[in-house]
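Okay, so here's the structure we're looking at.
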Amino acid sequence: MKLKDLCVALDSKAPEKLYACDGDKVGLFVGDTERDVKKVLTVTDASSDAIDYAIDNNVDMILCHHPFMFEPVGRLTTGDILQNKLYKLVHNDIAVFSMHTNLDSVPGGLNDIFADLLGLKNVVPIETKKVKYYMMVCFATNEYKENILKALFEAGAGAKNNYKDVFFEFKGRCHFTAIGDANPLIGIHNEPVDIEEVSFSVLVSETDLDRVVETYKRVHPYDVPVYYLAESPECDYLPSIGRVGDLEKELTVPEFRELCLKAFELPYARCPFNCDMSKKIKRVGLCSGSGMSLFDKACDMGADAYVCGDIKHDAYLHATDRGKIVLDLGHYETECTSSVVLADYIKDIDSQIETINFEVLRGNKLVLKLSEKR
């Protein structure tokens, strides 16, 4: 499969426009979009050892969770760690594609896996993302309507909830006179034309809008396809980062910590030294990676405890002041499951592409367990 086609297919699994946080760095960082991809390495980070493995084993693309670069690189030398990694990738024609907060947020992504591992019920997102809809009004003669509609539906128009291929149609008349460089399909220059046309309207999500409009212009037989857009009151709210859910039964702090350790195959987890160990925990908030920014929102949703990675000392103090329990399982430890999801994406897109999970090669017990279950 061509790299450019694989990139499109990967984005469709967790669309950047739908699920990535504003300003996040996701997508293709390095690579010849025309090259063929036959072997992919999935990994949490495109680290030096992962890149060296990719070089030694003729890997065509590294598919990782964390962005390969957060800031632009001003030069390309071997004297700097990041530049050296980039130099190796370019020199060996290895592509790098990252799926970050879009992989955290998407249904079935890292936050949902996190909740599943803890056995949470009644799981809801901590944050949601509003998606606008537009009514696109199109015009054509009746003989071209069906072909245009078919193309628009394939591009994503006319779909909402459990309905698809939805459109509204009105008949009317079109009047025009072609002048100058016009190339009319019907009529001749400087002669008024009066024909019967249909006006048909389709609902389009803002995430599909550019593609639908481009498709309409491409398939329409007129030299100047006419349309207009009006924002609809319809909207969707999609899950974003973070989840809150309920445990099967109330647990004490030691019991809850033991549950987390077993779920993530960990030897230890950090929690405040002065927390109330007898406190009962029923409702849990979580976010994979550095998710402490969502702590207060989770508490406002009734969370008794909050679990993530990278918790700082002042955040522990804040949690204690709120009378809540926080547990730090580690950044990598809560996101290493990304390699499993990414491998599943590749297998689903093209089963002929060889997929290697680098976290399995590292001996990660949790990743190995999840991979065996897939």
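Numbering (numbering that gives the first Met the number 0), first residue to last: 0 to 373. We put the CB at the ideal spot given by N, CA and C, even for glycine.
| Span of the beta strand (DSSP E) around Y86 | Run containing Y86: none in the beta strand (DSSP E); it sits in the alpha helix (DSSP H), I80 to H90.
| request: Per DSSP, which residues does E196 bridge with? Please list them. | output: G171
| message | Considering only DSSP beta bridges, list what D235 is partnered with. | response | V130
| Beta-bridge pairing of C137 - partner residues as DSSP gives them | F199 and Y226
| said: Do M68 and A13 count as a contact pair if the criterion is CB distance below 8 Å? | reply: no
| Given a threshold of 16 other Cβ atoms within 10 Å of its Cβ, counted over all protein chains shown, does K84 qualify as buried or as exposed? | buried
| Going by Cα to Cα distance, which pick from R34, D349, K278 and P271 is closest to N91? | R34
| When DSSP labels each residue in this structure, what does N189 get in the three-state scheme? | coil
| Three-pair Cβ contact test at 8 Å for the stretch 308–324 versus the stretch 266–285 | yes
| field | Nearest neighbour of E254, chosen from S277, N57 and V136 [CA to CA] | value | S277
| request: Give me the Cα-Cα distance between V416 and P183, rounded to the nearest whole angstrom. | output: In the structure as shown, the chain starts at 0 and stops at 373, and residue 416 therefore has no counterpart that could be examined.
| Would a C-beta distance cut-off of 8 Å place A158 and V218 closer than the cut-off? | no
| Endpoints, alpha helix (DSSP H) assigned at C298 | F294 to D299
| request: Could you check what DSSP says for P266 in three-state terms: helix, strand or coil? | output: coil
| query | Buried or exposed: S104, going by 16 or more other Cβ atoms within 10 Å of its Cβ? | reply | buried
| Cβ distance (whole Å) where V39 is taken to contact V123 below 8 Å | Their Cβ separation, rounded to whole angstroms, is 33 Å, which puts V39 and V123 out of contact at 8 Å.
| DSSP beta-bridge partners of P14 | None; P14 has no bridge partner.
| message | Please return the same chain residues whose Cβ sits closer than 7 Å to the Cβ of L119, not counting the five positions on each side in sequence. | response | G244, D245, L246 and V283
| task | Mind reading off the beta-carbon distance from E126 to I240? Whole number of angstroms is fine, and I expect it under 8 Å. | result | 6 Å
| Residues that DSSP places opposite Y162 in a beta bridge | K159
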